[in-house]
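To start, the structure itself, in structure tokens.
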Amino acid sequence: INDELDSYDISTKKVRVISIKDGKLLTCIYDGIYMLPGGKIDSEENNLDALKRELIEETGNLINEDDVMPYIRIINSQKNYLSRDRKSVSSKRADTIYYIAKNPLEVKSQVLSEKEKQASFEMKYLDIPSLLTELEKVEDPKGKIFAEELLMVIKQYLKDHPYIDLHTHTLYSDGEYTPDEVIEIARLQNVSDIAITDHDTILGLNNIDYSKHTGINIIPGIEISVKIKKGRMHILGLDIDYTSPNILEFLKIMKENNHQNLHNIIDYLESIGIRFAQEDIDEIFVHTGNVGRPDVAKLLIRDGYAKDVDDAFKQYLIEAFEMVKDKYRGYTYKDVLKVIRDANGVSILAHPNSLELSNSDFEELLKKMIDDGLQGLEVYHPNMNGKEREFYMEMVEKYHLLYSAGSDFHGEHVKPDIKIAEGRNNLYIHDASVLQYIKRRKSQ
102 INDELDSYDI STKKVRVISI KDGKLLTCIY DGIYMLPGGK IDSEENNLDA LKRELIEETG
162 NLINEDDVMP YIRIINSQKN YLSRDRKSVS SKRADTIYYI AKNPLEVKSQ VLSEKEKQAS
222 FEMKYLDIPS LLTELEKVED PKGKIFAEEL LMVIKQYLKD HPYIDLHTHT LYSDGEYTPD
282 EVIEIARLQN VSDIAITDHD TILGLNNIDY SKHTGINIIP GIEISVKIKK GRMHILGLDI
342 DYTSPNILEF LKIMKENNHQ NLHNIIDYLE SIGIRFAQED IDEIFVHTGN VGRPDVAKLL
402 IRDGYAKDVD DAFKQYLIEA FEMVKDKYRG YTYKDVLKVI RDANGVSILA HPNSLELSNS
462 DFEELLKKMI DDGLQGLEVY HPNMNGKERE FYMEMVEKYH LLYSAGSDFH GEHVKPDIKI
522 AEGRNNLYIH DASVLQYIKR RKSQ
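Each number in our numbering corresponds to the 1-based position in the sequence shown with 101 added.
This is the structure:
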């Protein structure tokens, strides 16, 4: 990039690493100049040896060949390269190999050189969209050389590594956008594969204009509620045949059950002094899509009982559900797994931590569900922390299951801190085994 040089005064070879954690990029800010961890390759070193040395010095990480993979080579040529003290210029050619860290690096300790100690040297994870904006604003001549290179690397990386989101909702269940709007938002978020998984309905799938969406793979799905004694159980059906007569009949009965369950919630709220206008209640039940507690949450917010959806659930709706759960009409997980299987779908237990089970109790339940046809677990979900993910991934490996990943996107007014392909706890996912499974079976 930059100027083509017939000759140059200085030539350097460098090696750097791309490490992403929680959608943020590990970035070195050295005297106000942005670059990635790494540095010069000494004459007696190969690329990997140099990267090992630099990472030990800058982050305290000891890596081996299996921890990184080579990604891209950038040759950056400059006619007027400023020296470190900014007093002289020269022609310079920097040849840099960038690697990708397979797992995020942690900044544990630093063994800085004297020059680095005397300068301002900081290593931290930076939000990628904000970093891109910052790099584009750099005007300092020396800083701009590094900024242009880093911009090129990041943009190429994002192009080569689009995100996926296999758990999203539209206004046909409890989201706020049409299916076409959700898909377009995903496309703008650099998402390559998206699953529409409305609660207990396929109406959203019937209202997608598939012809208008290019460059993004749309996976038809559904999230079905299961009747259980403790916690919440939802099962995702991915890549379903949503025209299957079995699933259509199943969902017809489920809609009737959901209406009755919601009436029970409203009756309980009335018993503790919260009353809504009858016309507002009637309006919920004429909605063509699925109805549920988020619809009641909107009334609680509008009438001043709660400040937002989370507050409505914490103050009223979780308790209301617990109080009427014995009256709950619904299906067992065996019923749900069967209907997904009959619709040629892939069954994934959504956000398994919502079951509120100990690890040992969960494993016992999991074995029973596998016997009844469960195919995988949603390991990446915004309500799941790193320790929980580690456990569920252990279960995936132990029982040879598929794993899935999704934001559980509803819209910023329903879940303000959740965007498509983003959210709490590192939801910037580029792949999942369930997606590869779906793609393989489609190609057969």
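All C-beta atoms, glycine included, are put in the ideal place defined by N, C-alpha and C.
As the structure is a computational prediction, the values presented were derived from the model and not from experiment.
Which residues in the same chain have their Cβ closer than 6 angstroms to the Cβ of Met170, if we skip the five residues on either side of it in sequence?
Closer than 6 angstroms at Cβ, skipping near neighbours: Ile201.
In three-state DSSP terms, what is Asp228?
strand
Over what stretch of residues does the beta strand (DSSP E) that includes Ser461 continue unbroken?
It is not in any beta strand (DSSP E) - Ser461 instead sits in the alpha helix (DSSP H) that spans Asn460 to Asp472.
Three or more beta-carbon pairs under 8 angstroms between the region 157-164 and the region 249-265, yes or no?
no
Could you spell out the range, first to last residue, of the beta strand (DSSP E) harbouring Ile111?
Ile111 to Ile119
Let's test the definition: count the other Cβ atoms within 10 Å of the Cβ of Ala151 and tell me whether it reaches 16, buried, or not, exposed.
buried
Considering only the beta carbon of each residue, do Ser274 and His300 sit closer than 9 angstroms?
Yes, the pair counts as a contact, with Cβ atoms nearer than the cut-off.
I'd like the list of long-range same chain contacts for Tyr429, defined as Cβ closer than 7 angstroms, with 5 residues on each side in sequence excluded.
Closer than 7 angstroms at the Cβ level, and outside the excluded window around Tyr429, lie Lys328 and Asn362.
Below 9 angstroms between beta carbons: does that hold for Ile297 and Ile284?
yes
Arg490: which of Arg288, Ala451 and Asn177 sits nearest, CA to CA?
Ala451
At which residues does the beta strand (DSSP E) containing Ser192 begin and terminate?
Residues Val190 to Ala202.
Less than 8 angstroms between the CB atoms is what I'm expecting for Asn177 and Ile102, so what's the real figure, rounded?
5 angstroms
With a threshold of 16 other CB atoms inside 10 Å of the CB of His511, please say whether the residue is buried or exposed.
Burial call: buried.
For Leu363, which of helix, strand or coil comes out of DSSP?
helix
Going by DSSP, name the residue or residues bridged to Asp266.
Ile295
Can you tell me which of Glu423, Gly322 and Leu236 puts its alpha carbon nearest to the alpha carbon of Arg333?
Of Glu423, Gly322 and Leu236, the smallest CA-CA separation from Arg333 is found for Glu423.
Looking at C-alpha atoms only, which residue of Asp473, Asp472, Ile471 and Met496 is the closest neighbour of Val480?
For Val480, the closest of Asp473, Asp472, Ile471 and Met496 by C-alpha to C-alpha distance is Met496.
Apart from the five residues on each side of it in sequence, which residues of its chain come closer than 8 angstroms, Cβ to Cβ, to Val425?
Asn362, Asn365, Ile366, Asp368 and Tyr369
Between the Cα of Ser184 and the Cα atoms of Ala421, Asp110 and Asp281, which residue gives the shortest distance?
Asp110
If you draw a straight line from the C-alpha of Thr113 to the C-alpha of Asp143, how long is it?
9 angstroms
Would Leu289 be called buried (16 or more neighbouring beta carbons within 10 Å of its own) or exposed?
exposed
Would you check if the region 111-131 and the region 189-205 touch, i.e. whether three or more CB-CB distances between them fall below 8 angstroms?
Judged by Cβ distances under 8 angstroms, the region 189-205 makes contact with the region 111-131, as three or more pairs qualify.
Taking the alpha-carbon positions, what's the Tyr182 to Lys243 distance?
7 angstroms
Could you check if Lys516 is buried or exposed, using at least 16 other CB atoms within 10 Å of its CB as the buried criterion?
buried
Run through the region 480-542 for me and flag every whole beta strand (DSSP E) of 3 or more residues, listed as ranges in chain order.
503-506
So if DSSP puts Met136 in a beta bridge, which residue, or which two residues, is it bridged to?
Beta-bridge pairing links Met136 to Cys129.
Taking 9 angstroms as the threshold (C-beta atoms), are Leu502 and Leu475 in contact?
yes
Measure the C-alpha to C-alpha separation of Ser534 and Tyr493 and round it to an integer number of angstroms.
Cα-Cα distance, rounded: 14 angstroms.
For Gln179, which residues does DSSP report across the bridge?
As computed with DSSP, Gln179 is found in a beta bridge with Lys193.
Compute the beta-carbon to beta-carbon distance between Leu232 and Thr128, rounded to the nearest angstrom, for a pair I have assumed lies under 8 angstroms.
6 angstroms
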